[in-house]
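Each protein sequence line maps, in turn, to chains P and U.
Note that my numbering gives residue 78 to position 81 of the first sequence, counting from 1, and the numbers run on in steps of one.
Note that my numbering gives residue 126 to position 65 of the second sequence, counting from 1, and the numbers run on in steps of one.
Every residue gets a Cβ at the ideal spot worked out from N, C-alpha and C, and that includes glycine.
Predicted, not measured: the structure shown is a model, and the values here were computed from it.
Let me begin by presenting the structure, written as structure tokens, before commenting on it.
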Amino acid sequence: DTEVTQTPKHLVMGMTNKKSLKCEQHMGHRAMYWYKQKAKKPPELMFVYSYEKLSINESVPSRFSPECPNSSLLNLHLHALQPEDSALYLCASSLNRDRENEQYFGPGTRLTVT
Amino acid sequence: DAKTTQPPSMDCAEGRAANLPCNHSTISGNEYVYWYRQIHSQGPQYIIHGLKNNETNEMASLIITEDRKSSTLILPHATLRDTAVYYCIVRVEGGFQKLVFGTGTRLLVSP
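Below you can see the structure in the form of structure tokens.
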């Protein structure tokens, strides 16, 4: 299995809602990543987990809360988002931090905040 | 990490070779060249990487000049499905630095 899966594919939420994005991989990778991508822009790193511990937070607002319950699963909890948070949210994984330059990406969740 | 320069867009006819250039004149000795691509509405896909020798895999070939200041990604027989944004990234292997995507080259493969 060489796939990173993300659910849901699309999500529409109001500014007062709480929702979660889910990412899963079964490649035995020990590093997982969340990226945000606005239209016509390159992906930007948000968080890095290495061996289920948060190792990088790129000064992301607290309304985004990552969680790594186990080595295969990565969640992104969303609360009180703003319309400007509408974007494609990408999850990626790599074997470990030493191989972080070879990342496998999921298809993304397209989030719309109304 | 060294900065890279790529043309914003390129065209290629289906079945022909697509040669995507990348300049990285400030690359240092321990930095690798990585290529990713992103097909519309999909996540980026790792293609290939190299240090100084030319590399080939089932997707593409990577040619790095002897002085390592530039490289070319070659898709030998481009198909319509190769239409994508191609990102050239230069950085050390491993470490605790983030992968930074530049603006890339938008390749359009036409029939």
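Are the beta-carbon atoms of residue i and residue j separated by less than 7 Å?
i, j, result
"Tyr148/U", "Phe162/U", "yes"
"Ser90/P", "Val110/P", "no"
"Phe44/P", "Gly104/U", "no"
"Tyr95/U", "Ile135/U", "no"
"Ala28/P", "Ser47/P", "yes"
"Lys19/P", "Asn72/P", "yes"
"Arg96/P", "His7/P", "no"
"Ser69/P", "Glu21/P", "yes"
"Ile109/U", "Glu116/U", "yes"
What's the call for residue i, buried or exposed, on a 16-neighbour Cβ count within 10 Å?
i, result
"Thr144/U", "buried"
"Gln3/P", "buried"
"Ile125/U", "buried"
"Asn98/P", "buried"
"Arg77/U", "exposed"
"Ala36/P", "exposed"
"Arg98/U", "buried"
"Arg152/U", "buried"
Please list, in chain order, the chain P residues whose beta carbon lies closer than 7 Å to that of residue i.
i, result
"Thr87/U", "The premise fails here: Thr87/U is roughly 18 Å from chain P at the closest Cβ pair, so nothing lies under 7 Å."
"Glu154/U", "Asn98"
"Gly163/U", "Pro39"
Cα-Cα, which of the options is closest to residue i?
i, options, result
"Asn93/P", "Glu49/P, Asn72/P, Lys33/P, Lys19/P", "Glu49/P"
"Pro82/U", "Ser171/U, Val170/U, Thr166/U, Pro172/U", "Thr166/U"
"Lys64/U", "Ala139/U, Pro172/U, Arg129/U, Thr87/U", "Thr87/U"
"His85/U", "Ser132/U, Lys159/U, Ser70/U, Val153/U", "Ser132/U"
"Gln100/P", "Asn114/U, Asn115/U, Glu154/U", "Glu154/U"
"Asn67/P", "Ser56/P, Gly25/P, Gly105/P, Glu0/P", "Gly25/P"
"Thr140/U", "Arg129/U, Thr164/U, Met120/U", "Met120/U"
"Ser75/P", "Glu55/P, Pro40/P, Met10/P, Leu51/P", "Sequence inspection shows Leu at residue 75/P; the Ser mentioned does not correspond to that position. When only C-alpha atoms are compared, the closest one is Met10/P."
"Ser122/U", "Asp128/U, Lys130/U, His138/U, Arg129/U", "His138/U"
"Lys113/U", "Gln106/U, Ile100/U, Asp128/U, Gln99/U", "Asp128/U"
"Tyr30/P", "Asn14/P, Ala77/P, Pro80/P, Asn54/P", "Asn54/P"
"Ser59/P", "Glu41/P, Pro40/P, Gln79/P", "Gln79/P"
"Cys88/P", "Cys65/P, Ala77/P, Met12/P", "Cys65/P"
Note down, in chain order, every chain A residue with its Cβ under 7 Å from the Cβ of residue i.
i, result
"Glu49/P", "Absent here is chain A; the protein component of the structure consists of chains P and U."
Can you list the residues of chain U that residue i reaches, using a CB-CB cut of under 8 Å?
i, result
"Glu0/P", "Neighbours of Glu0/P on chain U: none; closest Cβ ~11 Å, over 8 Å."
Using a Cβ cut-off of 7 Å, pull out every chain U residue sitting near residue i, in sequence order please.
i, result
"Phe44/P", "Residues of chain U passing the Cβ test: none, with the nearest at roughly 10 Å."
"Pro104/P", "Gln103, Gly104"
Taking residue i as the query, report the chain P residues whose CB atoms sit under 8 Å from its CB, ordered along the chain.
i, result
"Gly148/U", "Just to set this straight, residue 148/U is Tyr in the shown sequence, not Gly. Within chain P, the residues near Tyr148/U are Pro39."
"Lys159/U", "Leu42, Val45, Ile53, Glu55"
Check the Cβ of residue i against every Cβ in chain P and list those closer than 9 Å, keeping chain order.
i, result
"Leu81/U", "By Cβ distance, chain P contributes nothing, its closest Cβ being about 16 Å from Leu81/U, past 9 Å."
"His138/U", "Ordered by position in chain P, no residue passes the 9 Å Cβ test against His138/U, which lies about 24 Å from the chain."
Just to make sure I have the definition right: I need the residues of chain U whose C-beta is within less than 9 Å of the C-beta of residue i. Which are they?
i, result
"Tyr101/P", "Gly104, Gln106, Tyr107"
"Leu87/P", "Gly104, Pro105"
With contact counted as at least three CB pairs below 8 Å, one residue from each stretch, are the segment 68 to 80 of chain U and the segment 88 to 101 of chain U in contact?
The segment 88 to 101 of chain U and the segment 68 to 80 of chain U do not touch, with fewer than three beta-carbon pairs separated by less than 8 Å.
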